[in-house]
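Scroll down for the structure; my scribbles are underneath it.
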Amino acid sequence: MNPSQVNVIGMDLVAAVHKTGPDIATFVVSAIIIIAGAIGVVFSRNPVHAALSLVMTLFGVAVLFIEQQADFLAAVQIIVYAGAIVVLFLFVIMFLGVDRRENIAAEPLHWQRPLALVLMAAALAGVIALGVGSHWATGQQAVAGSTTAGGHSNVYLLGKSVFTTYLYAFEATAALLVIAVVGAVVLARRPSLPSVEPETDARGAAVSGQPGPDGGLHDAAPRGSAAQDASPADVRAGQSLVKEAGR
Amino acid sequence: MSFLGFLDGLGGPHVRDGVIHLVVVLASVHALAAVTAIHVPHIRYLAILPEIVMLGGAVLLLGVASLSDRPVRMSVTTVGTVVISGASMGLAWWQWADVRQHGPFTTVAGAVVTDGFSALIAILASTAMLLTALVGDGYLRREGVEGPEFHVLAMVSASGAMIMGQANDLIVIFLGLEIMSIALYVLAALNPRRATSGEAALKYFVLGSFSSAIFVYGIALTYGATGGTNLAHLTSYLSTHALSSNGVLLAGMGLLLVGFGFKVAAVPFHMWTPDVYQGAPSPVTGFMAAIAKAGGFAALLRVFVSSFGTLRPDWRPIVYVIAIVTLVVGAGLAVVQRDVKRMLAYSSINHAGFVLLGLQAADARGVSAALYYVFTYSFMVIGSFAVVTLLGRSGDVGHDIAGYRALARRQPVLALAFAVLLLAQAGVPFTTGFLAKLQVVAAVVDAHSAPLGFVAMGSAAIAAFFYLRVAVLMYTPRRPRWVPPGREIVFDPIVGPQASTAAREGSGVSGQAEPEIAPGGSLDGGTAEGAVATVPRTLAELRLWSGSERTVAVVERLNADLLIDREAEAVEDGAGGRRVRVPPAAIVAIGICIAVTVVFGIVPGPLVDFTHHSTLLLLR
Amino acid sequence: MSIPGSWYLILAAVLFTIGALGLLVRRNVLVMFMCIELMLNAANLTFVTFARMLHDIGGQAVVFFVLVVAAAEVVVGLGIVVAIFRRRTSATADDLHILKG
Numbered sequence: 480m481n482p483s484q485v486n487v488i489g490m491d492l493v494a495a496v497h498k499t500g501p502d503i504a505t506f507v508v509s510a511i512i513i514i515a516g517a518i519g520v521v522f523s524r525n526p527v528h529a530a531l532s533l534v535m536t537l538f539g540v541a542v543l544f545i546e547q548q549a550d551f552l553a554a555v556q557i558i559v560y561a562g563a564i565v566v567l568f569l570f571v572i573m574f575l576g577v578d579r580r581e582n583i584a585a586e587p588l589h590w591q592r593p594l595a596l597v598l599m600a601a602a603l604a605g606v607i608a609l610g611v612g613s614h615w616a617t618g619q620q621a622v623a624g625s626t627t628a629g630g631h632s633n634v635y636l637l638g639k640s641v642f643t644t645y646l647y648a649f650e651a652t653a654a655l656l657v658i659a660v661v662g663a664v665v666l667a668r669r670p671s672l673p674s675v676e677p678e679t680d681a682r683g684a685a686v687s688g689q690p691g692p693d694g695g696l697h698d699a700a701p702r703g704s705a706a707q708d709a710s711p712a713d714v715r716a717g718q719s720l721v722k723e724a725g726r
Numbered sequence: 027m028s029f030l031g032f033l034d035g036l037g038g039p040h041v042r043d044g045v046i047h048l049v050v051v052l053a054s055v056h057a058l059a060a061v062t063a064i065h066v067p068h069i070r071y072l073a074i075l076p077e078i079v080m081l082g083g084a085v086l087l088l089g090v091a092s093l094s095d096r097p098v099r100m101s102v103t104t105v106g107t108v109v110i111s112g113a114s115m116g117l118a119w120w121q122w123a124d125v126r127q128h129g130p131f132t133t134v135a136g137a138v139v140t141d142g143f144s145a146l147i148a149i150l151a152s153t154a155m156l157l158t159a160l161v162g163d164g165y166l167r168r169e170g171v172e173g174p175e176f177h178v179l180a181m182v183s184a185s186g187a188m189i190m191g192q193a194n195d196l197i198v199i200f201l202g203l204e205i206m207s208i209a210l211y212v213l214a215a216l217n218p219r220r221a222t223s224g225e226a227a228l229k230y231f232v233l234g235s236f237s238s239a240i241f242v243y244g245i246a247l248t249y250g251a252t253g254g255t256n257l258a259h260l261t262s263y264l265s266t267h268a269l270s271s272n273g274v275l276l277a278g279m280g281l282l283l284v285g286f287g288f289k290v291a292a293v294p295f296h297m298w299t300p301d302v303y304q305g306a307p308s309p310v311t312g313f314m315a316a317i318a319k320a321g322g323f324a325a326l327l328r329v330f331v332s333s334f335g336t337l338r339p340d341w342r343p344i345v346y347v348i349a350i351v352t353l354v355v356g357a358g359l360a361v362v363q364r365d366v367k368r369m370l371a372y373s374s375i376n377h378a379g380f381v382l383l384g385l386q387a388a389d390a391r392g393v394s395a396a397l398y399y400v401f402t403y404s405f406m407v408i409g410s411f412a413v414v415t416l417l418g419r420s421g422d423v424g425h426d427i428a429g430y431r432a433l434a435r436r437q438p439v440l441a442l443a444f445a446v447l448l449l450a451q452a453g454v455p456f457t458t459g460f461l462a463k464l465q466v467v468a469a470v471v472d473a474h475s476a477p478l479g480f481v482a483m484g485s486a487a488i489a490a491f492f493y494l495r496v497a498v499l500m501y502t503p504r505r506p507r508w509v510p511p512g513r514e515i516v517f518d519p520i521v522g523p524q525a526s527t528a529a530r531e532g533s534g535v536s537g538q539a540e541p542e543i544a545p546g547g548s549l550d551g552g553t554a555e556g557a558v559a560t561v562p563r564t565l566a567e568l569r570l571w572s573g574s575e576r577t578v579a580v581v582e583r584l585n586a587d588l589l590i591d592r593e594a595e596a597v598e599d600g601a602g603g604r605r606v607r608v609p610p611a612a613i614v615a616i617g618i619c620i621a622v623t624v625v626f627g628i629v630p631g632p633l634v635d636f637t638h639h640s641t642l643l644l645l646r
Numbered sequence: 034m035s036i037p038g039s040w041y042l043i044l045a046a047v048l049f050t051i052g053a054l055g056l057l058v059r060r061n062v063l064v065m066f067m068c069i070e071l072m073l074n075a076a077n078l079t080f081v082t083f084a085r086m087l088h089d090i091g092g093q094a095v096v097f098f099v100l101v102v103a104a105a106e107v108v109v110g111l112g113i114v115v116a117i118f119r120r121r122t123s124a125t126a127d128d129l130h131i132l133k134g
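Residue numbers (the numbering used here), protein chains in the order written: chain D, 480 to 726; chain X, 27 to 646; chain H, 34 to 134.
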């Protein structure tokens, strides 16, 4: 993309009209895909359908990224979101076996839906009114570097920005990934001791300290000996990373 | 060519092609770099050393625990965590000393700022981590969930709070917020034995992510309105450009306020707090209360007072309303709680309201007062939840307020410690709590928002009631002979009008006389009867039957000595059935909390100066 | 520059609202997570649009970080869901009843 083409805001009207046609078509189609997908996520009864609708929205957003010269982000959007996150969603849906239809008409708090609808409509109207009133982007131009500086590609400029202006933020994401790994391992572990339900089952836990009547389930193990729970079902990939250090 | 031949042997031509391709790509990248070199920003490592140590320590601990053949002993993990937190704290002190001598500075391309403010938050976060490691040690042993994960996640979370404290860029604040929060989500789910733990984590996660999404959208709108996410840019842009129509900026600011409000549990956005505080493991709750408030308020104060400073007329009224609602709802709902953790949750909402007063004042004095409040509150809340942890017993379930009755007779020291921490939270003189409340109210009155100050004092009075209720209950001996079963909970506000209950408590404090417990007076209300009768008091019946109180005491002590599990009884009695063992680490932690609370309450100078100077050194 | 940025921004606002609405009205935890993703996508679209309007690469860099956060969040969130609902047949928030509120 030629920088002079983009930087000139008052572009030649004829050229603009000439170029606008396909752009408008792209925008409208993408917008329809995005909104339809979003509505599909919210209103589909089946979680699998919701996840597939989510892919639709993500795809539409990616198209709009490309439309706005954010090529790299569009690729990442497809790879990370549609390729990883949605697949993870689908995996969990299938794993838990909750891919059945759900009665979404049932709503225990009957006032919640109208209230949410009114609140959201008000918020949306508020944001749009504020935005239209203030001509949206009132900020300083190109603070962190121009999108077309030196005629470099989008990827180059983005990478440069990430490793200079946003270097600290980039390094901080390392901590997020540590949490994600440790968190997934911690959460995927099965409880090593019988659960303690707040009201009633606390007595059951009290029993577990002593030889329980039903030896198998409420193990006669003394409290804290978590290590002997390595039943075959528990040997999963995650467990080898962080050992159960109880003994 | 031998290398490539080796590769061929290893994995066939594909690997070989891949490696050649990689080499070519690397070479071309190198050539590109030679043409247009990227100038990596200068980094002054002192600025980021505390969280590097904290994060690196966490990873080191994780690595050691994962790679060693035998499970790492709990004591090793805890000592390691304490050492790492201590080192981090020392580095933060070094930062503070450096900033005091040479002034604040920014580094890493202006994304990080090191000033008194950030150093204080780093000190606070590392101290909270150290105390939590000590409290968590005993808890993890008791619950049989030993392992390094608790400490690792807590350390990562603490480093997130540090990042929030020193962030000078909205996106860095967001990342710090997420590092802190996501680690806390996992920590809340840490105890797999408790169903409530996972449930609390899920609620926390859903509402936390919701608030994060709102926060990001707020950043996006702010970015559009100002052209950048850097706080220094925001400050300079907003002070030099008078935006004639700043609707997008206002919308962004409002959404940022909502996001922060969720994190610090201000009232319209507090729904998650009671459930999560109750459901999360008790040491995690204390940590969460301290860290999330510290990080959240640090970023909130920096963004709003410093960067949105020119927009004070726009946001001060909103904060005014939020503060009032937070104070009133927090105090009002805390009164009717039966679960100690829920009570402390609502009380933490009330405390958030007080800190918001400092924000509402929106000047140096207000910020200083808010910092002082956050700093001292952290010690009080970690100490309080440490005691709650100990009394929760195995399973972390016995948190009914009724169980705290007569705690002083069984465990005088623990009861005294809890009483001191509760009184400090109530704002009793000669504790840091008093000074904290005094300072924020003074600041807000100075800033011409006197009515807010009055509301705050009113809510402090209500809050004093529910703290005193627990404190007095601990010093109230059981008098089963006088009280028919089902009427034991005299101090429950459901039973009688609050005023008369408070009056009774007053007399209870002076002489522990507790004279008016006998049926009569306010106890005879019909609805009150029904409400109380639903609570089974079988232990009281037992006492009634067994006659002399001394016999009961002897049997109780015998049981305690023989370490006979009386879990069933403990559940009926809440936390109160028998003595709990207090691990030495927890003693140290509670001792530190009380020492800070009381010593700086009696000798307020150093800590007040500390927060004052930290505020003065705030980079603007 | 062919299409006014405000179109994109309004579209993003609508998307954000639908996501928030879904989070408030749906009871299926997994669908609630997806609604959070919708909201984050709306924020991302806003960032990219502002980046184009301001000719600033910073907005695109921010999206990069939001993507990382979203990924980490989803991993942990789904981990919590799996930990809780492993033995149940539905993933609705109404099954969570031990904690009142």
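All residues carry an ideal CB built from backbone N, CA and C; glycine is no exception.
Asked: Strand pairing of X/V138, partner residues [DSSP]; Found: X/T133, X/A193
Asked: Under the three-state DSSP convention, the category X/D365 falls into; Found: strand
Asked: Identified DSSP bridge partners for H/D89; Found: D/S625
Asked: Residues of its chain near X/H296, where Cβ-Cβ distance is below 6 Å and the 5 sequence neighbours each way are ignored; Found: I375
Asked: Chain H contacts made by the segment 297-330 of chain X, where a contact means CB separation under 8 Å; Found: M297, P300, D301, Q304, G305
Asked: Cross-strand partners of X/D95 (DSSP beta bridge); Found: BP columns for X/D95 are empty, so no partner.
Asked: Continuous alpha helix (DSSP H) stretch holding X/Q127: start and end; Found: 100-128
Asked: Endpoints, alpha helix (DSSP H) assigned at X/F626; Found: 610-628
Asked: X/N256 (DSSP reduced to helix, strand or coil); Found: strand
Asked: Beta-carbon gap between X/M181 and X/I110 smaller than 8 Å; Found: yes
Asked: X/D472 - DSSP class collapsed to helix/strand/coil; Found: helix
Asked: H/A46 beta carbon less than 8 Å from that of D/V606; Found: yes
Asked: Cβ-Cβ separation, X/D141 to D/A648 (assumed contact under 8 Å), whole Å; Found: Between X/D141 and D/A648 the Cβ distance is about 19 Å, and since that is not below 8 Å, they are no contact.
Asked: Cutoff 8 Å: X/E175 Cβ touching any chain D Cβ; Found: yes
Asked: Test item: CB-CB of D/T643 and H/H88 under 8 Å; Found: no
Asked: D/V566 at chain H interface by Cβ criterion, 8 Å; Found: no
Asked: X/D389 - partner residues in DSSP beta bridges; Found: According to DSSP, X/D389 bridges with nothing at all.
Asked: Buried or exposed by the 16-neighbour rule on C-beta atoms within 10 Å, applied to D/V566; Found: exposed
Asked: Cutoff 8 Å: D/Y647 Cβ touching any chain H Cβ; Found: no
Asked: Sequence-distant residues of the same chain with beta carbon closer than 7 Å to X/V125, five excluded per side; Found: T140, D141, G142, A145, L643
Asked: Residue closest to X/T132, alpha-carbon to alpha-carbon, out of X/K289, X/L257, X/V496; Found: X/L257
Asked: Partner residues on chain H for D/I513, Cβ-Cβ distance less than 8 Å; Found: L44, L48
Asked: Buried or exposed by the 16-neighbour rule on C-beta atoms within 10 Å, applied to X/R99; Found: exposed
Asked: Cutoff 8 Å: H/V64 Cβ touching any chain X Cβ; Found: no
Asked: At least three beta-carbon pairs within less than 8 Å, the segment 375-391 of chain X to the segment 353-361 of chain X; Found: yes
Asked: Opposing strand residues paired with X/D426 [DSSP bridges]; Found: X/D365
Asked: Beta-carbon proximity check, X/F241 vs X/L282, cutoff 8 Å; Found: yes
Asked: Residue interval of the alpha helix (DSSP H) (run including D/A667); Found: 646-667
Asked: Distance between X/A612 and D/A699 (C-alpha atoms, nearest Å); Found: Reliability fails at D/A699, whose pLDDT of 32 lies under 50, so the model's placement of it is uncertain and no value is given.
Asked: Proximity below 8 Å, CB of D/G618 to CB of X/A371; Found: no
Asked: X/R431 burial status per 10 Å Cβ neighbour count (16 or more: buried); Found: buried
Asked: Which of helix, strand or coil DSSP assigns to X/A360; Found: helix
Asked: C-beta atoms of X/S114 and X/P174 nearer than 8 Å; Found: no
Asked: Partner residues on chain H for D/S625, Cβ-Cβ distance less than 9 Å; Found: H88, D89, I90
Asked: Cross-chain neighbours of H/L56 in chain X, by beta carbon under 7 Å; Found: F236
Asked: Helix, strand or coil at D/T643 according to DSSP, with G and I counted as helix; Found: coil
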